[in-house]
Amino acid sequence: MTTTALQEPVRKTSPGAAREPRRRTGRIRRISLPYLLLLPALLLELLVHLVPMVIGIVMSFKELTQFYIRDWGTAPWSGLGNYKVSVDFDAPVGEALLHSFFVTVGFTLLSVGLCWLIGTAAAVYMQDTFRGRGLLRALFLVPYALPVYAAVITWVFMFQHDNGLVNHVLHDQLHLTDQPSFWLIGDNSFYALLTVSVWKGWPFAFLIVMAGLQNIPRELYEAAALDGAGMWQQIRRITLPSLRPVNQVLVLVLFLWTFNDFNTPYVLFGKAAPEAADLISVHIYQASFVTWNFGTGSAMSVLLLLFLLVVTGVYLLFTSRGRRAADV
115 MTTTALQEPV
125 RKTSPGAARE
135 PRRRTGRIRR
145 ISLPYLLLLP
155 ALLLELLVHL
165 VPMVIGIVMS
175 FKELTQFYIR
185 DWGTAPWSGL
195 GNYKVSVDFD
205 APVGEALLHS
215 FFVTVGFTLL
225 SVGLCWLIGT
235 AAAVYMQDTF
245 RGRGLLRALF
255 LVPYALPVYA
265 AVITWVFMFQ
275 HDNGLVNHVL
285 HDQLHLTDQP
295 SFWLIGDNSF
305 YALLTVSVWK
315 GWPFAFLIVM
325 AGLQNIPREL
335 YEAAALDGAG
345 MWQQIRRITL
355 PSLRPVNQVL
365 VLVLFLWTFN
375 DFNTPYVLFG
385 KAAPEAADLI
395 SVHIYQASFV
405 TWNFGTGSAM
415 SVLLLLFLLV
425 VTGVYLLFTS
435 RGRRAADV
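Going by my numbering, the sequence shown opens with residue 115, and the numbers climb by one from there.
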């Protein structure tokens, strides 16, 4: 008697087939590990920046004064009332905000332009080899490395009317003024603020431009010199075009930093900045914490945020188009 054994067909498997799922799992782990490590920092960034931003936007729609500051959630809902007050340029609040905006725009353009000009000139000069270059480079970075309060409060003493160093040099030594000037009040306050801002900001431009200059091959300058190009022609034809990507980022960063600068005018003038130096950051602070109208101050902050977002978007759009045109 014979029996027929039914045998299952033999599966054709290779040694690497069983390892394939393990390889995929290991690859997924390797790809996801950096993001998992960054996740706590991203959550903290959201907690520190995004949550206050959302709260500020909600506060801008409320009639929030000092009477509701303990429980601001119970403040009456005002809708767009705070925004209407802020942009009503015929009323005192809107007129003061518009004036502060124009002062801030003029101050920012002058400060950014001077910081870039001085920083670029210093970086180009430091490309030459001479004795003491390392020491001079370190001294250039001192204003940027100093704490803001320590640096600005030093300028406050220097701008004093009676015994300040600025009046001593301009009036007593050089005799450029008929009498000692008041630098921290009146129209001169704008120039005092601009001086401190440029003094504090140009080392950053110097540092960024100097790093960008390291990527320009020296052979280009040597070839241009052999062709008879002078120093100004080399700067115009080689240095500035090569630094265009660096300068595009540098100008944007300087603009945002300067436009939002609060520490410098606050330490220089205190809570009440002079009308000539009424930057919008201090103006919003006064609207919120001096007049105790937190709803209007929040609305002004939201309007400032929207303005900076629009300016940044337009700037990035034009610079990206310029880069594409240059590549073509």
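All residues carry an ideal CB built from backbone N, CA and C; glycine is no exception.
Asked, Found
"Buried versus exposed, by CB contacts within 10 Å (16 or more), Asp-301", "exposed"
"Buried versus exposed, by CB contacts within 10 Å (16 or more), Ala-413", "buried"
"Contact check, Leu-147 vs Leu-255, beta carbons under 9 Å", "no"
"Contact between the stretch 188-199 and the stretch 408-425 (3+ Cβ pairs under 8 Å)", "yes"
"Range of the contiguous alpha helix (DSSP H) that encloses Lys-198", "195-201"
"Buried versus exposed call for Ile-169 [16 or more other C-beta atoms within 10 Å across all chains shown]", "exposed"
"Between the CA atoms of Gln-241 and Met-167 - distance to the nearest angstrom", "43 Å"
"CA-to-CA distance, His-397 to Ala-343, given in whole angstroms", "50 Å"
"First through last residue of the alpha helix (DSSP H) which encompasses Gln-348", "345-348"
"Proximity to Leu-60 [Cα-Cα], best of Val-404, Lys-314, His-275, Tyr-335", "No answer is possible for residue 60: the residues shown for the chain start at 115 and end at 442."
"Nonlocal neighbours in the same chain, by C-beta distance under 8 Å from Leu-178, ignoring five residues either side", "Trp-186, Ala-189, Asn-407, Phe-408, Gly-409, Ser-412"
"Which of helix, strand or coil DSSP assigns to Thr-179", "strand"
"C-alpha distance - Val-323 paired with Thr-234, whole-angstrom precision", "6 Å"
"Helix, strand or coil at Asn-407 according to DSSP, with G and I counted as helix", "strand"
"Assigned secondary structure, Trp-186 (DSSP; H/G/I helix, E/B strand, else coil)", "helix"
"Trp-191, DSSP secondary structure in three states", "strand"
"Cβ-based neighbour list, Leu-430, same chain, cut-off 6 Å, excluding 5 preceding and 5 following", "none"
"Closest Cα partner of Leu-423 within the set Leu-382, Gln-400, Asn-374", "Asn-374"
"Per-residue burial, Ser-402 [other beta carbons within 10 Å of its own, 16 or more giving buried]", "buried"
"Distance, Gly-326 Cα to Phe-203 Cα", "44 Å"
"Distance, Pro-355 Cα to Gln-347 Cα", "12 Å"
"The alpha helix (DSSP H) enclosing Ser-402, as first and last residue numbers", "From DSSP, Ser-402 is part of no alpha helix (DSSP H); its letter is neither H nor E."
"Best match in Val-365, Ser-311, Leu-366, Leu-231 for proximity to Ile-267 [C-alpha to C-alpha]", "Ser-311"
"Continuous alpha helix (DSSP H) stretch holding Leu-255: start and end", "No alpha helix (DSSP H) holds Leu-255; DSSP gives it neither H nor E."
"9 Å Cβ cutoff met for Leu-275 and Glu-389", "Residue 275 is actually His in this sequence, not Leu. In this structure, Glu-389 does not lie closer than 9 Å to His-275 by Cβ."
"Backbone CA spacing between Phe-369 and Thr-222 [nearest angstrom]", "6 Å"
"Reference Ala-259, options Phe-304, Trp-316, Tyr-149, closest by Cα", "Trp-316"
"For Ala-236, the first and last residue of its enclosing alpha helix (DSSP H)", "206-239"
"C-alpha gap between His-163 and Leu-418, whole angstroms", "16 Å"
"DSSP-derived helix/strand/coil call for Gly-296", "Reading off the sequence shown, one finds Phe at residue 296, where the question assumed Gly. Residue state, collapsed to three classes: coil."
"Distance between Asn-281 and Leu-224 (C-alpha atoms, nearest Å)", "23 Å"
"Distance, Tyr-399 Cα to Gly-248 Cα", "41 Å"
"Beta-carbon contacts of Val-207 that lie in its chain and below 6 Å, excluding the five residues immediately before and after", "Val-199"
"Contact belief for Phe-273 with Ala-306 at Cβ below 8 Å, rounded distance in angstroms", "5 Å"
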